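J.: Supplied in structure tokens, the structure appears directly below.
Residue numbers (this note's numbering), protein chains in the order written: chain A, 1 to 113; chain B, 1001 to 1113.
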């Protein structure tokens, strides 16, 4: 596709459940970022991939959060034992290495009841 | 935690007027970017300024960077109703080859017709 694709666009789940959010970056973009955004706030950095490896995962809030990018393209953000405080829009962005310009998807809105 | 903080948090101006938003950051950076976000949508890259640049223009946008004060400003000239959005600065300050890009808290801009 032409842009960054995120699925699902909306996810409603119950407290304690497991959730996976998927990101399809722009073809050829080696850098991939995950951010979390709460209402009225700026995007909060979670993790950054360069190729298949997580170059920096210092933003993951705790060990319930995990992200993978096994083939250096599609990435999945995994959240275990979801809590109400995990409710937010999860944004994915990709970039050509070294350019700095991020291309964002439309986000996955997660609601934990 | 956020690296950059925008000022003001909210700004309302008349159509045709100029809008100025400021961003302050804490550590030395490689570059600084400005992004725009319409309500409920993904972010869109506006402009990137490198640490060795002082001013940059793109259409009606003018960005300045003062590394001695660790601050940047975004000026939108001749504002239009379509400029209504949230604007975020983002800083790239990684010392390694990886680029950890951190966003500020944003300025919500409203253009009155």
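Every residue gets a Cβ at the ideal spot worked out from N, C-alpha and C, and that includes glycine.
Remember, it's a predicted structure, so these values are computed and weren't measured experimentally.
Comparing C-alpha positions only, which one of A/52, A/99, A/60 sits nearest to residue 90 of chain A?
T.: Answer by Cα proximity: A/60.
J.: Please state whether DSSP places residue 31 of chain A in a helix, a strand or coil.
T.: In the structure shown, residue 31 of chain A sits in a strand (DSSP, three-state: E or B).
J.: For the 8 Å Cβ check, are there 3 or more pairs between the stretch 62-74 of chain A and the stretch 1004-1015 of chain B?
T.: Judged by Cβ distances under 8 Å, the stretch 62-74 of chain A makes no contact with the stretch 1004-1015 of chain B, as fewer than three pairs qualify.
J.: From the DSSP output, in three-state form, read off residue 1002 of chain B for me.
T.: With a pLDDT of 49 at residue 1002 of chain B, under the threshold of 50, the predicted position of this residue should be treated as unreliable, though the coordinate-derived value follows. Residue state, collapsed to three classes: coil.
J.: Quick one: any contact between the stretch 91-102 of chain A and the stretch 10-29 of chain A, if contact means 3 or more CB pairs under 8 Å?
T.: Taking 8 Å as the limit for Cβ pairs, the verdict is that the stretch 10-29 of chain A does touch the stretch 91-102 of chain A.
J.: Please report how far the alpha carbon of residue 104 of chain A lies from the alpha carbon of residue 49 of chain A, in whole angstroms.
T.: About 15 Å.
J.: Does the beta carbon of residue 56 of chain A come closer than 8 Å to any beta carbon on chain B?
T.: Cβ-Cβ to chain B under 8 Å: yes for residue 56 of chain A.
J.: Could you check whether residue 102 of chain A and residue 1045 of chain B sit closer than 8 Å to each other, using their CB atoms as the reference points?
T.: The answer is yes: Cβ separation under 8 Å.
J.: Using the rule of at least 16 other Cβ atoms within 10 Å of the residue's Cβ for burial, across every protein chain shown, is residue 12 of chain A buried or exposed?
T.: Burial call: exposed.
J.: Look up residue 1031 of chain B in the DSSP assignment and give the residues it is bridged to.
T.: Partner(s): B/1050, B/1092.
J.: Name, going along the chain, the residues of the stretch 1080-1107 of chain B whose beta-carbon falls closer than 7 Å to a beta-carbon of chain A.
T.: Those residues of the stretch 1080-1107 of chain B that come within reach of chain A (Cβ to Cβ, closer than 7 Å) are 1088, 1092, 1098, 1099, 1100, 1101, 1102, 1103, 1104, 1105, 1106.
J.: Once DSSP output is grouped into helix, strand and coil, what is the label at residue 85 of chain A?
T.: Note: residue 85 of chain A maps to helix in three-state DSSP.
J.: Can you look up residue 1081 of chain B in the DSSP assignment and give me helix, strand or coil?
T.: Here residue 1081 of chain B sits in helix by DSSP.
J.: Closer than 9 Å, Cβ to Cβ, to anything on chain A: give me those residues from the stretch 1012-1045 of chain B, in chain order.
T.: Of all residues in the stretch 1012-1045 of chain B, 1030, 1031, 1033, 1035, 1037, 1040, 1041, 1042, 1043, 1044, 1045 have a Cβ within less than 9 Å of some Cβ in chain A.
J.: Between the stretch 67-75 of chain A and the stretch 1019-1038 of chain B, can you find at least three pairs of beta-carbon atoms closer than 8 Å?
T.: No: fewer than three Cβ pairs fall under 8 Å.
J.: Just the C-alpha distance for residue 1066 of chain B and residue 19 of chain A, rounded to the nearest angstrom, thanks.
T.: The alpha-carbon atoms of residue 1066 of chain B and residue 19 of chain A are separated by roughly 43 Å.
J.: Sort B/1004, B/1048, B/1106 by Cα distance to residue 1028 of chain B and report the nearest one.
T.: Of the candidates B/1004, B/1048, B/1106, the one whose C-alpha sits nearest the C-alpha of residue 1028 of chain B is B/1004.
J.: CB residue 1085 of chain B to CB residue 1102 of chain B, shorter than 8 Å?
T.: No, the pair does not count as a contact, with Cβ atoms beyond the cut-off.
J.: I want to see whether chain B comes within less than 8 Å of residue 43 of chain A, judged by CB atoms only; does it?
T.: So, interface residue.
J.: Can you have a look at residue 54 of chain A and say buried or exposed, based on whether 16 or more other CB atoms are within 10 angstroms of its CB?
T.: Its Cβ being crowded by 16 or more others within 10 Å, residue 54 of chain A is buried.
J.: Which of the three DSSP states is assigned to residue 97 of chain A in this structure?
T.: In this structure, residue 97 of chain A counts as coil in the three-state DSSP scheme.
J.: Rounded to a whole number of angstroms, what is the C-alpha to C-alpha distance between residue 83 of chain A and residue 1082 of chain B?
T.: C-alpha separation (whole angstroms): 37 Å.
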